[in-house]
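Following: one structure in structure tokens, then a few remarks.
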Amino acid sequence: MSLFCSICLQFRGISRGRRANIIDSMLRMLEQYSSNLEDLIRERTDELEVERNKTEKLVGQLLPKSVAQALKKGKPVQPEHYSDCTLYFSDIVGFTTISALSEPIEVVDLLNDLYTMFDAIIASHDVYKVLEIKSD
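All residue numbers for the sequence shown refer to the UniProt record's numbering, where the first residue is 1 and numbers rise by one.
Put into structure tokens, the structure is as follows:
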């Protein structure tokens with residue numbers, strides 16, 4: 001029971017069942033406003049939670065897990081030093097032409113097969129994958 005509803009019940013107890021049309025009407029209106037606001041707050045809170053989950057998922061995809069967790073907790077992220085580092089860049093030569101001459105499902109299958117292969121190789125090594133897709 002909301003605070004407003006408990007106030008209404010107390011007021012009705014004080015008035016001992018006597019009809020006070022204007023006050024009753026005002027209380028009913030205020031009770032409805034209160035209920036509508038509670039519904040709106042609940043709806044917006046649900047929307048906020050959905051967006052928060054999307055944001056966390058995106059940050060988790062873009063950053064290493066430890067960095068994402070530290071940022072989520074509001075902690076500073078210390079830079080790390082690596083004595084060895086490898087960068088891998090790849091390009092599908094003629095991708096724009098290939099995709100223009102192919103059915104959409106063929107392009108999706110090609111990319112799916114390619115990234116599945118990359119992910120299988122990456123999974124067997126201690127690496128962090130940064131993904132950028134660009135087509136000229």
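No residue lacks a Cβ here, since even glycine has one placed at the ideal position from N, Cα and C.
Residue from the options whose Cα sits closest to the Cα of residue i
i: Pro-79; options: Thr-45, Ile-105, Leu-37, Ser-66; result: Ser-66
i: Met-26; options: Ile-7, Arg-44, Glu-38; result: Ile-7
i: Val-130; options: Asp-113, Leu-58, His-81; result: Leu-58
i: Asp-39; options: Ser-2, Ala-70, Leu-87, Phe-95; result: Ser-2
i: Gln-32; options: Cys-5, Thr-55, Ile-105; result: Cys-5
i: Asp-91; options: His-81, Leu-111, Val-77, Ile-105; result: Leu-111
Through-space distance from residue j to residue i, alpha-carbon basis
i: Lys-75; j: Asp-46; result: 26 Å
i: Gln-61; j: Asn-53; result: 12 Å
i: Leu-48; j: Arg-42; result: 10 Å
i: Ser-34; j: Ile-23; result: 16 Å
i: Thr-97; j: Tyr-115; result: 19 Å
i: Phe-89; j: Phe-118; result: 12 Å
i: Asn-36; j: Leu-30; result: 10 Å
i: Cys-85; j: Val-127; result: 9 Å
i: Phe-95; j: Ala-123; result: 26 Å
i: Ser-68; j: Arg-28; result: Reading the sequence as shown, one finds Ala at residue 68 and not Ser. Taking the straight line joining both Cα atoms gives about 48 Å.
Segment limits, alpha helix (DSSP H) that includes residue i
i: Gly-60; result: 21-62
i: Glu-106; result: 104-123
i: Val-77; result: From DSSP, Val-77 is part of no alpha helix (DSSP H); its letter is neither H nor E.
i: Lys-65; result: 65-72
i: Thr-86; result: Looking at the DSSP string, Thr-86 is not in any alpha helix (DSSP H), and its letter there is neither H nor E.
i: Ile-92; result: Ile-92 -> no alpha helix (DSSP H), and no H or E assigned at all.
Residue i: CB within 6 Å of a non-hydrogen atom of the ligand ATP
i: Val-108; result: Inclusion of the ligand ATP in the displayed structure is not the case, the ligand content being empty and no account of it being possible.
Proximity test, Cβ basis, 7 Å: residue i and chain C
i: Met-29; result: Reference to chain C is not applicable here, since this structure consists of a single protein chain.
Whole-number beta carbon distance between residue j and residue i, since they are thought to touch under 8 Å
i: Glu-51; j: Lys-72; result: About 14 Å; that fails the 8 Å criterion.
i: Val-107; j: Ser-99; result: 5 Å
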